[in-house]
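Colleague: So for the sequence shown, our numbering puts the first residue at 2; every next one is plus one.
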Amino acid sequence: MFLLLLVSQTSCGSYYLVICNHRGSLCSCVDFIHSPCVWILHFSFCRLTGTIWMQQIMSLIETKGVLNATFNMNTADRIPWVEADKTIQKFASLSPPRIHVCHLPWNLTPKELRQKKGKIIYVSRNPKDVLVSFYHFHKFSNIFETPKDFNTFLEKFLNGNVFCSSWFNHIKGWYTHKDDFNILFLSYEEMIQDLRSSVKKMCTFLDRKLSDEEIDNVVEHSQFHTMKNNSFANYRQVCPEIFDYDKGSFMRKGIVGDWKKHLTVEQNEKFDEVFQEKMQDVPIKFIWRN
Numbered sequence: 002m003f004l005l006l007l008v009s010q011t012s013c014g015s016y017y018l019v020i021c022n023h024r025g026s027l028c029s030c031v032d033f034i035h036s037p038c039v040w041i042l043h044f045s046f047c048r049l050t051g052t053i054w055m056q057q058i059m060s061l062i063e064t065k066g067v068l069n070a071t072f073n074m075n076t077a078d079r080i081p082w083v084e085a086d087k088t089i090q091k092f093a094s095l096s097p098p099r100i101h102v103c104h105l106p107w108n109l110t111p112k113e114l115r116q117k118k119g120k121i122i123y124v125s126r127n128p129k130d131v132l133v134s135f136y137h138f139h140k141f142s143n144i145f146e147t148p149k150d151f152n153t154f155l156e157k158f159l160n161g162n163v164f165c166s167s168w169f170n171h172i173k174g175w176y177t178h179k180d181d182f183n184i185l186f187l188s189y190e191e192m193i194q195d196l197r198s199s200v201k202k203m204c205t206f207l208d209r210k211l212s213d214e215e216i217d218n219v220v221e222h223s224q225f226h227t228m229k230n231n232s233f234a235n236y237r238q239v240c241p242e243i244f245d246y247d248k249g250s251f252m253r254k255g256i257v258g259d260w261k262k263h264l265t266v267e268q269n270e271k272f273d274e275v276f277q278e279k280m281q282d283v284p285i286k287f288i289w290r291n
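(1) On the three-state DSSP scale, how would you describe His101?
(2) Thinking C-beta only, is Val39 closer than 8 Å to Ile100?
(3) Which complete alpha helix (DSSP H) runs does the segment 102 to 172 hold, if anything under 4 residues is left out?
(4) Provide the residue span of the alpha helix (DSSP H) that contains Phe276, from first to last.
(5) Spatial neighbours of Val257 within its chain, please: CB distance less than 6 Å, with the 5 preceding and 5 following residues excluded, ordered by chain position.
(6) Which residue from Asp150, Met59 and Asn69 puts its Cα closest to that of Ile80?
(7) Quick one: residues in its chain with C-beta nearer than 6 Å to the C-beta of Ile41, no 5 flanking neighbours on either side, listed in chain order?
(8) For Phe287, does the three-state DSSP call read helix, strand or coil?
(9) Look at the alpha carbon of Lys210 and the alpha carbon of Gly66, and state the distance between them as a whole number of angstroms.
(10) Looking at the unbroken beta strand (DSSP E) that takes in Phe186, where does it start and where does it end?
(11) Just the C-alpha distance for Met161 and Leu61, rounded to the nearest angstrom, thanks.
(12) Measure how close the beta-carbons of Val124 and Leu68 come, nearest whole angstrom, since I'm counting them as under 8 Å.
(13) Taking the alpha-carbon of Asp130 as reference, which of Arg115, Gln57, Gln281 and Asn269 has the nearest alpha-carbon?
(14) Could you name the residues that DSSP lists as bridge partners for Leu42?
(15) Would you call Arg197 buried or exposed, if buried means 16 or more other Cβ atoms sit within 10 Å of its Cβ?
(16) Give the single residue among Phe276, His43 and Phe141 whose Cα lies nearest to the Cα of Trp107.
(17) Smallest Cα separation from Lys112: which of Thr64, Asn183, Ser134 and Phe287?
(18) Using 8 Å as the threshold, is the C-beta distance between Phe135 and Phe158 below it?
(19) Taking a contact to mean a Cβ-Cβ separation below 8 Å, would you say Phe225 touches Pro128 in this structure?
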């Protein structure tokens, strides 16, 4: 069973929402770490910033591009979410190195990660595309309020009044404290642009030695259309009690720039204004800003 839990995000005074069955589970999860381990970090839910995609890629890197018996398991069972119910049991059943998915801000992660005992891959995405994906995500979720309209949801997103709080605070927190962690920053856009190069970066960071052919296999089995038609990879079997799959799906389009079909000129200008205000002191070079 899944329940909503509010957790204080003390660094910015807002609240951080996670899915968990009770507070004890969350506390156990954030203190639970095995070495060696890899954490995949994103803002908010699975499809917004490429979580499902990264779960598939990481699974394939570990098997050197081979679709072995583990791929007959749901993606969420192969690489569990830290915030989800029964995560401890899932972690315990996995062979090392254990790979976790997490949406938590930097200050709610295990202390051992800040001692660089594990590795983190943080994947960001153009927040305008995150906004659009999040908007459609709400429409097929049974646990979130259906947005009144896009403009209302835009206002909530810009103010951080959405699941996982503020996109701006999340990425700023992780980037500002990057030296406290063993972390690799990637972007959804660069992965779309050149997935092979991104996979090679991951392999180098994780000390995984794959041949050119093995990397090609990882890339081939991580294509959007391939995953969308694979029930073990597309999350279709995950959480049927809280998602109405007749209204949408976890894997919607998998493209860059869909925001251009949703934001008006006025909305786009407002978004840019808020972005500049909140991110001006963060020296991150986003590929989608060029």
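We put the beta carbon where it would ideally sit given N, CA and C, even for glycine.
Modeller: Looking at the atomic coordinates:
(1) The answer is strand: DSSP assigns His101 an E or B state.
(2) Contact: yes.
(3) The segment 102 to 172 contains these whole alpha helix (DSSP H) runs: 112 to 115, 128 to 141 and 151 to 160.
(4) Here the alpha helix (DSSP H) through Phe276 covers Val266 to Met280.
(5) By the criterion of a C-beta distance shorter than 6 Å, Val257 is surrounded in its chain by Glu190 and Ile193, once the five residues flanking it on both sides are discounted.
(6) Closest option to Ile80, Cα to Cα, is Met59.
(7) In chain order, Met55, Val102 and Ile122 place their CB closer than 6 Å to the CB of Ile41, counting only its own chain and leaving out the 5 sequence neighbours on each side.
(8) Coil at Phe287, not helix or strand.
(9) Using only the alpha carbons, I get a separation of about 12 Å.
(10) Ile184 to Ser188 is the span of the beta strand (DSSP E), which, as asked, contains Phe186.
(11) Reading off the sequence, residue 161 comes out as Gly, not Met. Gly161 and Leu61 have their alpha carbons spaced roughly 34 Å apart.
(12) That pair is no contact at about 23 Å.
(13) Minimum Cα distance to Asp130 is reached at Asn269.
(14) Cys103 and Tyr123.
(15) Classification for Arg197: exposed.
(16) Minimum Cα distance to Trp107 is reached at His43.
(17) Among Thr64, Asn183, Ser134 and Phe287, the Cα nearest to that of Lys112 belongs to Asn183.
(18) Yes.
(19) Result no, Cβ atoms of Phe225 and Pro128 do not sit closer than 8 Å.
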